[in-house]
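Residue numbers (this note's numbering): 355 to 441.
Each residue gets a CB set at the ideal place from its N, CA and C atoms; glycine is no exception.
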């Protein structure tokens with residue numbers, strides 16, 4: 355999804371990230387940091403598309419996972435990056 359996003363193929367990127375999200379959730383569970391990373395990536399694509407409400411929704415999902423994950427937490431770089439992406 356990242357290459358498609360950087361190439362300006364936003365809809366294709368969202369489709370691929372969404373497929374990745376389904377697979378990651380199935381294998382890793384809903385609260386895994388890798389699932390949060392996919393939500394963060396989807397949010398970034400939505401920002402580029404000007405779909406800010408949807409981006410914020412994805413960023414909020416990522417933050418919820420990062421802040422509750424024992425391996426990440428509220429003070430982790432991934433959490434800070436998501437806050438940065440929100441603005």
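Check: So residue 417 and residue 433 are supposed to be a Cβ contact under 8 Å. How far apart are they, rounded?; Outcome: 7 Å
Check: DSSP state of residue 397, grouped into three classes?; Outcome: helix
Check: Tell me where the alpha helix (DSSP H) around residue 415 begins and ends.; Outcome: 406-422
Check: Would you grab the beta carbon distance between residue 402 and residue 438 for me? Rounded to a whole angstrom, and I think it's under 8 Å.; Outcome: Going by Cβ atoms, the distance from residue 402 to residue 438 rounds to 16 Å, so no, they are not a contact pair.
Check: For residue 397 and residue 382, what's the separation of their Cα atoms in angstroms?; Outcome: 20 Å
Check: Using a Cβ-Cβ cut-off of 8 Å (strictly less than) and excluding sequence neighbours within five positions of residue 389, which residues of its own chain qualify?; Outcome: 375, 378, 379, 382, 383, 419
Check: Kindly list the residues whose CB is nearer than 6 Å to the CB of residue 359, restricted to its own chain and excluding five residues on each side of it in sequence; keep chain order.; Outcome: 367, 399
Check: Assuming residue 425 and residue 387 make a contact with CB atoms under 8 Å, what is their CB distance in whole Å?; Outcome: 6 Å
Check: Return the first residue and the last residue of the alpha helix (DSSP H) that residue 366 is part of.; Outcome: 364-382
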